[in-house]
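Below you'll find the structure, written out as structure tokens, and then a few comments.
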Amino acid sequence: LHQALAQERELMGQLFRPGDGEGEGLQGQLLDRVFEGVCRPFRVRVEQVLMSSPEVLVAFKLNNLLEFYHGTVQNIMGGGTTLAATIAGCQEMAARVFGEQLRLAGDKLLRSPGIPPSDLSPSVRFMDGLKLLLEILESQDASLGAEKKETSGPTFASRAIADAIAPLKQFCEQSAAVLEGKGLDIGSVEYPEGAPHMYVVNCLVAMQTSLLPFRGATEHIAAISASIEARVEALASEAVGRILATCGLEDRLARIRLYVEQQGVAQQQAGTMAQDDALRFEVVSGALRALFSYVQSSAAGVLPTFVQIRAEKERGQTLDRTKALLFKAYRDVYEAVTDEANGYGGKADALSAYSADKFQELIG
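Positions 64 to 427 (the working numbering) are the ones given, in order, by the sequence shown.
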């Protein structure tokens, strides 16, 4: 069809003088009349393909092909021609079928997310879904006119990629939720603390790494990066919470921060914190020493190492964030106890060997 259109356009060009505006308009009308007869069989053939429930990738490729030829026909024949309208209608149908097939594929993936592998690596089903996403991206990059599409605003391809990513993210989060619902000891497999977060991080990093070579994936990569950062933050926060709870500081830290916050918004009587039974010096200082000793023994593997996070960068970020949050918690407690306004008086001198600076040196 494309070849025949080009040949007819060349023939028309020989019949009419170049630069004749009236002649060029007549060319478009004549071409429209010539190709009017092929519109119906062309539409029927495309409908036959689309009604046969083609695979997701086939529907995506057909949409891209029709989009390219729609623009080509408009350039040759002008806008408003029967052939251009026919191709546009076929493209809309292809886009609709692609969306339906992609939704069905996503529903199938989410129907039974299953339990993550024991090493918390991306599951086989997740990787199969990621393979489909990569095939869509490869097809988009190889499609006719892909370079021109890259500079335009939100496109069909961009929305399609987002729709393919969404069930993948939901799948790994649902798989992680299975661990949260059943606990970390499932059958003969014992998962480490923080396993749900580490599994999601591994899946998201695999997706992020796979998207890097493709044009038009920048915004999606940025969104995935934000999701990874949120999971790393949650993983580090939970790890610190467990350590503080072990040392008896978790609840006391929350009370101390509440007192400090109240000091900023209201006049508080001096010594109020020290008069709280839950924050007596003996109790708080004992918990602070316990945390210091706990971290001091980290050479024996007390601090989490997050070895199940497969990517070295994210594993290092999680450990660094854990240390930063742990130091902040220690510093907040130490500064509250040594602040004269909180009423602990000279008792705080007994903590000179456990200063925040020494804890920071210890934690590295």
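The beta carbon of each residue, even a glycine, is placed where N, CA and C say it ideally should be.
Nothing here was measured: the structure is a model prediction, and the numbers come from that model.
Checklist entry - How about VAL136 and ALA122: are their beta carbons less than 8 Å apart? => result No. Outside cutoff.
Item to check | Cβ distance (whole Å) where LEU406 is taken to contact THR335 below 8 Å | outcome: For the record, residue 406 in the displayed sequence is Gly; it is not Leu. With 8 Å as the limit, GLY406 and THR335 qualify as a contact, their Cβ atoms being about 7 Å apart.
Checklist entry - Pick from LEU382, ALA227 and ALA157: whose alpha carbon is nearest that of LEU172? => result A check of alpha carbon separations from LEU172 across LEU382, ALA227 and ALA157 identifies ALA227 as the nearest.
Item to check | LEU195 versus TYR397 - alpha carbon distance | outcome: Across the structure, LEU195 and TYR397 are spaced so that their CA atoms are roughly 53 Å apart.
Checklist entry - Could you give the residue range of the alpha helix (DSSP H) that holds PRO259? => result Counting along the chain, the alpha helix (DSSP H) containing PRO259 begins and ends at 258–274.
Checklist entry - Which residues in the same chain as ARG384 place their Cβ atom closer than 7 Å to its Cβ, once the five residues preceding and following it in sequence are excluded? => result So the list reads VAL295, GLU296 and ALA299, once near-sequence residues are dropped.
Checklist entry - Per DSSP, which one or two residues make a beta bridge with VAL241? => result Answer by DSSP bridge pairing: none, since VAL241 is not bridged.
Next on the checklist: So, under 8 Å CB-CB, PHE369 and LYS410 are touching, yes? Tell me the CB distance rounded to an integer number of Å.
Outcome noted: With 8 Å as the limit, PHE369 and LYS410 do not qualify as a contact, their Cβ atoms being about 38 Å apart.
Next on the checklist: For ALA350 and LEU312, which I take to be in contact (beta-carbon distance under 8 Å), what is that distance rounded to the nearest angstrom?
Outcome noted: About 5 Å separates the Cβ atoms of ALA350 and LEU312, confirming a contact at the 8 Å cut-off.
Checklist entry - Residues in its own chain within less than 7 Å of GLN154 by CB, not counting five upstream and five downstream? => result In its chain, beyond the 5 residues on either side, ASN126, LEU129, GLU130 and HIS133 have a beta carbon closer than 7 Å to the beta carbon of GLN154.
Next on the checklist: With distance defined between alpha-carbon atoms, name the residue in ARG222, ILE178 and VAL263 nearest to ARG166.
Outcome noted: Per the Cα distances, ARG222.
Next on the checklist: Helix, strand or coil, according to DSSP, for SER215 in the structure here?
Outcome noted: For SER215, the predicted model reports a pLDDT of 46, less than 50, meaning its position is unreliable and no value from the coordinates is stated.
Checklist entry - Straight-line CA distance for THR214 to ALA280? => result Because THR214 sits at a pLDDT of 47, beneath the cut-off of 50, its placement in the model cannot be relied upon, and the following sentence gives the value as read from the coordinates. Each residue's alpha carbon lies about 12 Å from the other.
Next on the checklist: Alpha carbons only, please: which of ALA387, ALA341 and LEU425 is nearest the one belonging to ALA302?
Outcome noted: The candidate whose alpha carbon is nearest that of ALA302 is ALA387.
Checklist entry - Since VAL264 and GLU110 are thought to touch, with beta carbons under 8 Å apart, how far apart are those beta carbons, to the nearest angstrom? => result Contact flag wrong, Cβ pair sits at about 45 Å.
Item to check | Three-state secondary structure assigned by DSSP to GLU118 | outcome: Reduced to three states, the DSSP call for GLU118 is coil.
Next on the checklist: I want to see whether chain C comes within less than 8 Å of LYS391, judged by CB atoms only; does it?
Outcome noted: The structure shown contains no chain C; it holds only a single protein chain.
Item to check | Where the alpha helix (DSSP H) containing ILE291 begins and where it ends | outcome: 281–309 is the extent of the alpha helix (DSSP H) around ILE291.
Item to check | Separation of LEU342 from GLN330, as counted between CA atoms | outcome: Any reading at GLN330 is ruled out, since the residue's pLDDT is 48, under 50, leaving its predicted position unreliable.
Next on the checklist: Measuring straight from C-alpha to C-alpha, what distance separates ALA416 and LYS391?
Outcome noted: ALA416 and LYS391 have their C-alpha atoms spaced approximately 18 Å apart.
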